[in-house]
Amino acid sequence: MVAFDYLKEQLTEFVKTFKNVKVNYEYDQLANLHTIEVLPQVVFDSDEFAIWECDFFERAYGAIPYEDISFISEDAYVGIEHIDWSIQGSEYAQGDLMLDEHITINESSEDLDTYKDNSVDFNTMSPEFYDTYTAVEIESLDLDYTSNEYKDKIVLNNKEIVMSFDDSLLQAA
């Protein structure tokens, strides 16, 4: 399968550039669709990935014309059902394992204000009094420090932009 070999080659190069990435591949024979899942979401949403993806499609249309290729991430409505092939960068770690140490969820708090208000009944031209309640619910996340284990590790190096793990944590938050 020429298309699969080409995609494997391109995605292997991709994880050398984006070191903190995992790629899952599935070919749907019925839909004739190559689906590529890029994890974590923060990389998929980055400008650097968008630039890489545009360059990839320019090359792919020349190398494997008439092949349908789709990139998705963890927020896709339809995901990969059966992984045919997978590869990950040298510094990939599941987000939950890394971020759990660094992000804390504050308890939500609720603020309830009550005040009296009035309006006029235009049929009788008499005032009507009623109580108004305003509820505000707040939940926040705190980003803690990055442990020395991950500090200053390069997770993206594409000759123009270098990102450390600290940068990607801030971008994820």
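The sequence shown: position 171 = 176 (the numbering used here), numbered continuously. Yeah, the Cβ is synthetic: ideal placement off N, Cα and C, and Gly gets one too.
(message) Suppose the cutoff is 7 Å on Cβ atoms and the five residues either side in sequence are ignored; what does the same chain contact list for L38 look like?
(response) Counting from one through the sequence shown, the residue named residue 38 turns up at place 33. Contacts found: D73, S75.
(request) State the start and end residues of the unbroken alpha helix (DSSP H) segment that holds I56. (result) For the purposes of this step, residue 56 is identified with residue 51 of the sequence shown, where counting begins at 1. Start and end: 52–68.
(request) For T17, collect the residues of the same chain with a Cβ closer than 7 Å to its Cβ; drop the 5 residues on either side in sequence, then sort them by chain order. (result) Within the sequence shown, numbered from 1, the residue matching residue 17 stands at position 12. The beta carbon of T17 sits closer than 7 Å to those of I92, all from its chain and outside the five residues before and after it, given in chain order.
(message) Just list the residues that DSSP pairs F76 with in beta bridges.
(response) Your numbering for residue 76 matches position 71 in the sequence shown. In the DSSP assignment, the residues bridged to F76 are I41.
(message) Checking the sheet assignment: what are the DSSP bridge partners for I92?
(response) If you number the sequence shown from 1, residue 92 lands on position 87. For I92, DSSP records a beta bridge to V28.
(request) Kindly indicate which three-state DSSP category V83 falls into: helix, strand or coil? (result) The sequence position of residue 83 within the sequence shown is 78, counting from 1. Assigned with DSSP and collapsed to three states, V83 falls in coil, not helix or strand.
(request) Quick one: residues in its chain with C-beta nearer than 8 Å to the C-beta of D105, no 5 flanking neighbours on either side, listed in chain order? (result) Taking the first residue of the sequence shown as position 1, residue 105 is located at position 100. Here the model assigns D105 a pLDDT of 48, short of 50, so the residue's position is not dependable, and the following value carries that caveat. No residues qualify anywhere along the chain.
(request) Find the nearest neighbour of D50 within the set I77, R64, Y71, judged by alpha-carbon distance. (result) The residue given as residue 50 occupies position 45 in the sequence shown. Ranking the options by Cα distance to D50, first place goes to I77.
(message) Pull the bridge partners of V125 from the DSSP assignment, please.
(response) Counting from 1 along the sequence shown, the entry for residue 125 is found at position 120. Its beta-bridge partners are P132.
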